[in-house]
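Notes to accompany the following structure.
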Amino acid sequence: MIQEYSDMVVADNTGARRARCFRILGQNKRYGHIGDMLRVSIKEAQPGGLVKKG
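Going by my numbering, the sequence shown opens with residue 0, and the numbers climb by one from there.
See below:
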């Protein structure tokens with residue numbers, strides 16, 4: 000279960016390492032589950048990756 004402002008480890012190939020969820024998209028959801036869309040802010044990224052911190 001993921002809430003707003005949860006810190007998480009990213010498991011994909013974009014270069015992001017850590018992210019913080021700041022919005023769970025859907026019908027005014029309070030918690031996110033597997034398969035839900037999230038809006039996140041990247042807190043840590045690999046140098047030369049596809050995404051940047053911010």
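Using N, Cα and C, we set each Cβ at its ideal position, and we do this for glycine too.
Small disclaimer: the values here were computed from a predicted structure and weren't measured.
DSSP beta-bridge partners of residue i
i	result
residue 8	17
Residue i at chain D interface by Cβ criterion, 8 Å
i	result
residue 40	Structure shown: chain D not included; a single protein chain is present.
Exposure label - residue i; buried when at least 16 CB within 10 Å
i	result
residue 31	buried
residue 10	exposed
message: My parser needs the beta strand (DSSP E) runs of 3 or more residues fully inside the stretch 11-53; what are they?
response: Within the stretch 11-53, the beta strand (DSSP E) runs of at least 3 residues that lie entirely inside it are, in chain order, 15-23, 37-44.
- prompt: Is it a yes or a no for the stretch 20-28 touching the stretch 41-48, going by three-plus beta-carbon pairs under 8 Å?
  reply: Too few Cβ pairs lie closer than 8 Å, so no.
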